[in-house]
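Novice: Residue numbers (my numbering): 1 to 301.
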């Protein structure tokens, strides 16, 4: 298979735009159940969306985590997801809250730091059954899909799945796909098979990230080993969602495939910019976030 190497062009930013012009991204994630508490993932994803130009980001996390998550991402707004006495998300009540929030959103990120369990799986499957908004499915949401009985998987959403090789292998095993997500020569075919099986866009992360919608395939040339750091994938999910919120509707109407390619390209270029002066080790997710607006400005010059 011969990948298409054309990278989408970053559209100009409207000089007369306002927050609503550039869209709202809702990020659903975080886990409050002891002993493993996770809040950095959704916070970095929300910041990734904002650094990529989204007008608003909403952090939808378990209620006990909300104040802490907003301390990490104070530019976001918050939505407190109800939990039970053990700190587990109450899936039905959370879904009802999210339904109202998503009516005003242009993109959803589902999964960063969400954790695993029956409640998380129920919530993920409920979100996947929605027809809008377009969503980026990452991290623990991918594991929830892999663990779900196939008859229960109702993927109506217009979705971008962003697995790393380990997450891909779990999905492939559950879906009966035999493919290698690690061998550089086999990665495009592996991503293609998953995209065709689920009818979505797949971003297979790793050295030479592959993006495919089951027909077109693009392989990233930006990025370096500095991205092998905690939180970089969370930032990527937010950046892709930020592209969708801004450009996935009129007047640009950029498709999910192009939004995903552009998000991956910007994410890699930001890492390249940081590594050019500091080397390819020691980058934090916060460093990556700082570089994104500079990269976007250089592409628009």
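C-beta: ideal position from N, C-alpha, C; glycine also.
Keep in mind the model is a prediction, meaning the values are calculated, not measured.
Going along the chain, which residues of its own chain have a beta-carbon closer than 8 Å to the beta-carbon of residue 196, five neighbours each way excluded?
Specialist: Correct list, in chain order: 214.
Novice: Please name the residue or residues paired with residue 31 in a DSSP beta bridge.
Specialist: In DSSP, residue 31 forms a bridge with 38.
Novice: Measure the C-alpha to C-alpha separation of residue 269 and residue 28 and round it to an integer number of angstroms.
Specialist: The alpha-carbon atoms of residue 269 and residue 28 are separated by roughly 26 Å.
Novice: Between residue 290 and residue 74, what straight-line distance do the alpha-carbon atoms span, to the nearest angstrom?
Specialist: Each residue's Cα considered, the two are about 15 Å apart.
Novice: On a Cα-Cα basis, can you pick out the residue from 162, 179, 180, 21 that is closest to residue 142?
Specialist: Comparing Cα-Cα distances from residue 142 to each of 162, 179, 180, 21, the minimum goes to 162.
Novice: Excluding the 5 residues preceding and the 5 following residue 147 in the sequence, name in chain order all residues of the same chain whose CB lies nearer than 7 Å to its CB.
Specialist: Here the set comprises 121.
Novice: Cα separation between residue 145 and residue 40?
Specialist: Looking at the two C-alpha atoms, the distance is approximately 22 Å.
Novice: Alpha carbon to alpha carbon, what distance is there between residue 127 and residue 218?
Specialist: In a straight line, the C-alpha of residue 218 is about 27 Å away from that of residue 127.
Novice: For residue 264, report the span of its alpha helix (DSSP H) as first-last.
Specialist: It spans 256 to 278 - the alpha helix (DSSP H) in which residue 264 sits, taken as one unbroken run.
Novice: Let's test the definition: count the other Cβ atoms within 10 Å of the Cβ of residue 301 and tell me whether it reaches 16, buried, or not, exposed.
Specialist: Per the 10 Å Cβ criterion, exposed.
Novice: In whole angstroms, give me the CA-to-CA distance for residue 281 and residue 96.
Specialist: Distance between the alpha carbons of residue 281 and residue 96: 43 Å.
Novice: Go through its chain and collect everything with a Cβ distance to residue 287's Cβ below 7 Å, but skip five positions before and after it.
Specialist: 274.
Novice: Whole beta strand (DSSP E) runs in the segment 96 to 152 with 3 or more residues, listed along the chain?
Specialist: Counting only runs of 3 or more, we get 107 to 110, 135 to 137.
Novice: So the alpha helix (DSSP H) residue 12 belongs to, where does it begin and stop?
Specialist: Premise fails: residue 12 is in no alpha helix (DSSP H) and is neither H nor E.
Novice: Ordered along the chain, which non-local residues of its own chain (more than five positions away) have a Cβ less than 7 Å from that of residue 13?
Specialist: If we look at residue 13 and ignore the five residues flanking it on each side, its Cβ neighbours are 53.
Novice: With H, G and I counted as helix, E and B as strand and the rest as coil, what does DSSP make of residue 204?
Specialist: It is a strand residue.
Novice: Using the C-alpha atoms, what's the distance from residue 43 back to residue 65?
Specialist: About 11 Å.
Novice: Starting from residue 166, trace the beta strand (DSSP E) in both directions and tell me its first and last residue.
Specialist: Where residue 166 is concerned, there is no enclosing beta strand (DSSP E), although the alpha helix (DSSP H) it sits in stretches over 165 to 175.
Novice: To the nearest angstrom, how far is it from the Cα of residue 176 to the Cα of residue 292?
Specialist: If I take the Cα positions, the gap works out to 38 Å.
Novice: Does the beta-carbon of residue 199 have 16 or more other beta-carbons within 10 angstroms, so that it is buried, or is it exposed?
Specialist: Result: exposed.
Novice: Cutting at 7 Å between CB atoms, please list the residues of its own chain near residue 9, excluding the five before and the five after it.
Specialist: Within the same chain, residue 9 has no close Cβ partners at all.
Novice: Identify the continuous alpha helix (DSSP H) that holds residue 159 and give its terminal residues.
Specialist: Premise fails: residue 159 lies in the beta strand (DSSP E), 159 to 161, not in any alpha helix (DSSP H).
Novice: Spatial neighbours of residue 72 within its chain, please: C-beta separation below 6 Å, excluding the five flanking residues on both sides.
Specialist: So the list reads 43, once near-sequence residues are dropped.
Novice: Excluding the five sequence neighbours on either side, which residues of its own chain have a C-beta within less than 7 Å of the C-beta of residue 224, listed in chain order?
Specialist: Only 271, 272, 275, 280 meet the Cβ criterion.
Novice: Relative to the C-alpha of residue 106, which residue among 193, 136, 87 is closest?
Specialist: Of the candidates 193, 136, 87, the one whose C-alpha sits nearest the C-alpha of residue 106 is 136.
Novice: Would a C-beta distance cut-off of 7 Å place residue 60 and residue 81 closer than the cut-off?
Specialist: Result yes, Cβ atoms of residue 60 and residue 81 sit closer than 7 Å.
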